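Number of protein chains: 2
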Amino acid sequence: MQFSYYFGYKYRLTFAAKPDMVCPSSGNQNFMKSVVKAQQAEDSAETGAQQIRDAIREAIVERRLSPGTKLSESDVGNLFNVSRTLARAALQALSYEGLVSVEKNRGAFVAYPSPDEARQIFAARRLVEPGILREAAARITPADIAQLRQLLLEEGRLMSERGQTARRAEIKASGDFHLMLAEISGNAIMLRFMEELVARSSLVIALYGQSTASSCGHSEHGDIIAAIENDDLDRACQLMLHHIAHIEADLDLRERKSLGLKEAFEL
Amino acid sequence: MQFSYYFGYKYRLTFAAKPDMVCPSSGNQNFMKSVVKAQQAEDSAETGAQQIRDAIREAIVERRLSPGTKLSESDVGNLFNVSRTLARAALQALSYEGLVSVEKNRGAFVAYPSPDEARQIFAARRLVEPGILREAAARITPADIAQLRQLLLEEGRLMSERGQTARRAEIKASGDFHLMLAEISGNAIMLRFMEELVARSSLVIALYGQSTASSCGHSEHGDIIAAIENDDLDRACQLMLHHIAHIEADLDLRERKSLGLKEAFEL
DNA sequence: ACGCAAAAAATCGTATGCAATTTAGCTACT
DNA sequence: AGTAGCTAAATTGCATACGATTTTTTGCGT
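These protein sequence lines map, in sequence, to chains P and V. Taking the numbering used here, the leading residue of the first sequence gets 1307, the next gets one more, and so forth. Taking the numbering used here, the leading residue of the second sequence gets 1307, the next gets one more, and so forth.
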């Protein structure tokens, strides 16, 4: 209706409507089992709403759904072949994560973070990621480091590839680095918080990112791992802060108030 | 059925079912408006599910609802005079905050954090609260300090009083101190996170707290404010860490595996 | 033609109903 | 008497239905 991205959305949802192929891609997707299992572990089978939520979240994080896109309950329900009840539940869930904003009697939209929200998201990351890094470094095992390195490799490989799907996978891998550190820290609560922050960061970058280049400086991730291996925690934290600052520096967070008024033409 | 606390629960819900008297107590309840308003502010009128969610959350945080209490959808719906749909939505919402755990096809229960979860909650607080403190100190105004002091006064007053309601209000006020710092920091995301952590801390203390005394050392709050006023940030952070450690030290986090097995009788 | 008002369509908020799963109670059998 | 197995009750998962609110369209008057 208002966004031509709607077709990308439709495509995605058609694909995601087959619930059996939720995560068919490369193998490092489920690395957070070890912490999460302690928390739910019970039935493994996700309830319908959760599957829909996960599918939509993935679509948002991988930027197949653009900020501002309307997600009407009926549309979502139809596309997943479920009732509005489940669609609504999924959208509500996403609103708690800050990925969609539901406005009373108006509907749900892919979140459109304001510049101020964007700043707060990165401020939060600067606040928590060094701490997570320290916790992670204290508990990290050689196996963990190997897995981190593997993730890096994958990221690099995707970086060199061309095409939309590679770009999307790269975005995901880049975020997964930060998530994996949180996972290693062994704190499920911080992991969940980081998931939220990384997901919302993706939205912010989609909105305000300037460089067409990758979202994360790839080499910086490697440097951080190296510093951890050298037991140079202070340096690792410093690098992490620089890394976050680097991402943020690529944003143009000036308020652009829809530029729909006269300025758009009277320039 | 399994918990005699059920009567307390019923009592509470009967009381809370009158939506007009949600917050009749002392005046400092809505201090987080200034940040939150930017985020929702739109319609002010909460949807029914949100009201129920807030009421139940308050009941949990103030420990009128004990961990493990079953919250069946029909019961909640009946007590608030709404349909199961709304009750369900409220319970789902609370599960995202970690205050209730919903088990598939079995129902919702007031969360019963494991000792490990408890440790993670406090680890998270140690990780973020110093950072929040630093942010808050950088932006704090004399008016903020006055408000903090007022909160302290209120807390002290309630501490000397007797009775259940005073105790509950004291619990709330004690948490509000930490929340107010987050609010002053100006970061709505961190504020929301802290709300979750404080709420879950209340659950943990209810479960594992030993001392019958107050949950928070009252004087420690005052010391932190003083350190902030003296621009001694390092000391303020140190005090904050000590304060959190102090709360945690009052817990008995030994795994008591429902003590239902033989040990309970073969002692 | 343009703007405004009223009707129509679309969409959301909530309640109710039915199928599926879990829990309990009861009978029968060892 | 104790336990296994089966049936019935309770509870959740999900879909459908209806009233309320918002948005769009239509029609009229100027």
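We treat Cβ as the ideally placed atom computed from N, Cα and C, and that holds for glycine. Predicted model, so just to flag it, every value in this text is computed and none were measured.
What is the C-beta distance between residue i and residue j, in whole angstroms, given that I count them as a contact (C-beta under 8 Å)?
i         : j         : result
P:Arg1506 : P:Pro1419 : 7 Å
P:Tyr1402 : V:Ala1399 : 7 Å
V:Ile1490 : V:Asp1450 : 5 Å
P:Ile1438 : P:Ala1488 : 5 Å
V:Ala1417 : V:Ala1355 : Not a contact, Cβ separation roughly 19 Å.
P:Ala1533 : P:Arg1541 : 5 Å
P:Glu1527 : P:Leu1458 : Note that residue 1527 of chain P is His in the sequence shown, not Glu. Correct: roughly 6 Å between the Cβ atoms.
V:Glu1461 : V:Ala1444 : In fact, because the Cβ distance is near 25 Å, the residues do not count as touching under 8 Å.
In this structure, how does DSSP classify residue i when only helix, strand and coil are distinguished?
i         : result
V:Arg1414 : Per the sequence presented here, residue 1414 of chain V reads as Ala, with Arg not at that position. Strand.
P:Glu1423 : helix
P:Leu1400 : helix
P:Ser1480 : helix
V:Glu1489 : helix
V:Ser1407 : strand
V:Leu1371 : coil
V:Arg1468 : coil
V:Asp1537 : coil
P:Asn1384 : helix
V:Ile1530 : helix
V:Ile1366 : helix
P:Glu1502 : helix
P:Ile1495 : helix
P:Ile1446 : coil
V:Ser1389 : coil
Per DSSP, residue i is paired with what?
i         : result
V:Lys1376 : V:Phe1415
P:Val1434 : DSSP output for P:Val1434 lists no bridge partner at all.
V:Leu1557 : V:Gly1515
If we cut at 8 Å on Cβ distances, does residue i have a partner in chain P?
i         : result
V:Thr1258 : Outside the displayed range of chain V (1307 to 1573) lies residue 1258 of chain V, so it cannot be described from this structure.
V:Arg1560 : no
V:Tyr1418 : no
V:Lys1410 : yes
So is the beta-carbon of residue i under 7 Å away from any non-hydrogen atom of the ligand MN?
i         : result
V:Ala1533 : The ligand MN is absent from the structure shown, which contains no ligands of any kind.
Cβ of residue i less than 8 Å from any chain V Cβ?
i         : result
P:Tyr1514 : no
**Positions along the region 1479 to 1506 of chain V whose CB lies within less than 7 Å of some CB in chain P** = If the cut-off is 7 Å between Cβ atoms, the region 1479 to 1506 of chain V has Asn1493, Ala1494, Ile1495, Met1496, Phe1499 near chain P.
**Contacting positions in the region 1425 to 1442 of chain P - beta carbon closer than 8 Å to chain V** = Residues Gln1426, Ile1427, Ala1429, Ala1430, Leu1433, Val1434, Gly1437, Ile1438, Glu1441.
**Message:** Give me the subset of the region 1381 to 1399 of chain P whose CB atoms are less than 9 Å from a CB atom of chain V, sorted by chain position.
**Reply:** So the close ones are Thr1391, Arg1394, Ala1395, Gln1398, Ala1399.
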